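Just so you know, the protein sequences line up as chains Z and X, in that order. Using my numbering, you'd call the opening residue of the first sequence number 466 and step up by one each time. Using my numbering, you'd call the opening residue of the second sequence number 51 and step up by one each time. Even for Gly, the Cβ is constructed at its ideal location relative to N, Cα and C. For clarity, every value in this text was computed on a predicted model and none was experimentally measured.
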Amino acid sequence: MTVELKAPMLLAPDAFRRLCQARDRLQECSYERRSIADIAREAHISPFHFIRRFEALFGFTPHQFRIQSRIERAKLLLACENLSVTEVCMDLGFSSLGSFSELFTRRVGEPPSAYQRRARVLILVPRNFPQTLFPGCLTLMTQLPPNAFRNFREAPGIALV
Amino acid sequence: MRIKLTSLMVENQDAALKFYTEVLRFQKKHEIPVGEYKWLTVVSPEGPNDIELSLEPNVNPAAKAFQQAMFAQGIPLAAFEVSGIENEYDRMTALGVVFTTKPTQAGPVTIAVFSDTCGNLIQLYEPQPTR
């Protein structure tokens, strides 16, 4: 853990609730021009403490979370809606197609156009995503090569208690 | 039929591996690349090494919505048994872990709840000693 909290390690239920609500707000308003300081003020926490507590609780800063939310919304729009990359870019409030494409490629590993092509090919029924596009809860196990476990050592140094 | 595998969704598999090994002191068992993600499992050094916890990427929007809602409601999505819950609490808070419930007696167990920084609240529990 890189975060060193001088604030108490124990979050009161009220503070916890306000931080969760702030996260929801950041997710909804991911494409509106609200500063992190505004969100902090709405949560009645100073921006400095807000950022540190948010990161300690959720594992990333409010700024990082906002970027992630926008990228996730971009992926959803590119895959589900009949929008061009440019339209998705504008819908999310990016100032330029270039900056959007660069951010998307850096985060996702392929350009928005390539992602959209791949997603569209796989989707036969709107909003019915195949498991290969949305892994989770043990579906990854089904994608493993046949010899995945054969040559793996057991975790070392474990004696049965 | 055997129970050998359980699963948690995490925001980031690399961050989760770091947290679950360095802070929770589980040991990595499998880390196998599968496309852009990995099949990632950990085991406990204190227990049978063939019971694995899989740390899955939380990519499905429906799953993410579920996980976030549970988190906001303060509902832990996994519970691990410990011996010496007060010591664990001290050790983990010294590492910067955020708890939402400090060790508290609740019926037959003492429980504590913390954030794993990967989207989940996790509960620790220690059974009360039987007199």
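Near residue i, what residues of its chain come up, given a Cβ to Cβ distance below 8 Å and the 5 sequence neighbours on each side ignored?
i, result
"Tyr70/X", "Phe76, Val92, Leu103, Leu105, Asp166"
"Thr150/X", "Gly124, Val163, Phe164, Ser165, Leu171"
"Ala508/Z", "Arg483, Leu484, Gln486, Ala487, Phe515"
"Ser511/Z", "Ala505"
Am I right that residue i and residue j are in contact with their C-beta atoms under 8 Å? What's the rounded C-beta distance?
i, j, result
"Ile135/X", "Pro153/X", "5 Å"
"Pro177/X", "Val159/X", "5 Å"
"Phe121/X", "Cys545/Z", "Not really, about 25 Å apart at Cβ, beyond 8 Å."
"Val550/Z", "Ser578/Z", "5 Å"
"Ile504/Z", "Pro478/Z", "That pair is no contact at about 20 Å."
Would you kindly check if the distance between the Cβ of residue j and the Cβ of residue i is under 9 Å?
i, j, result
"Phe523/Z", "Phe530/Z", "yes"
"Gln492/Z", "Ser534/Z", "yes"
"Val60/X", "Asn108/X", "yes"
"Arg506/Z", "Ala480/Z", "no"
"Phe130/X", "Gln173/X", "yes"
"Tyr175/X", "Val132/X", "yes"
"Ile532/Z", "Arg488/Z", "no"
"Leu603/Z", "Leu55/X", "yes"
"Ala502/Z", "Lys540/Z", "no"
"Leu568/Z", "Ile82/X", "no"
"Arg490/Z", "Gly558/Z", "no"
"Leu90/X", "Ala66/X", "yes"
"Lys114/X", "Glu575/Z", "no"
"Asp556/Z", "Leu562/Z", "no"
"His80/X", "Phe614/Z", "yes"
"Thr143/X", "Leu475/Z", "yes"
Buried or exposed: residue i, going by 16 or more other Cβ atoms within 10 Å of its Cβ?
i, result
"Gln581/Z", "buried"
"Leu543/Z", "buried"
"Pro611/Z", "exposed"
"Pro126/X", "buried"
"Glu138/X", "buried"
"Glu520/Z", "buried"
"Ile53/X", "exposed"
"Pro179/X", "exposed"
"Pro98/X", "exposed"
"Phe565/Z", "buried"
Which same chain residues end up closer than 6 Å to residue i when comparing Cβ atoms and leaving out the 5 residues on each side of it in sequence?
i, result
"Ser57/X", "Ser104, Glu106"
"Gly85/X", "none"
"Ala128/X", "Leu58, Ile172"
"Gln155/X", "none"
Below 7 Å CB to CB, which residues in the same chain sit around residue i once its five sequence neighbours on both sides are set aside?
i, result
"Lys78/X", "Leu67, Thr71, Val92"
"Ile101/X", "Lys54, Val93"
"Cys168/X", "Val60, Glu61, Asn62, Ala65, Ala66, Phe69"
"Glu96/X", "none"
"Leu145/X", "Val73"
"Thr570/Z", "Pro576"
"Ala119/X", "none"
Does the ligand MN have a heavy atom nearer than 8 Å to the CB of residue i?
i, result
"Pro512/Z", "Among the components of this structure there are no ligands whatsoever, and the ligand MN is therefore not found."
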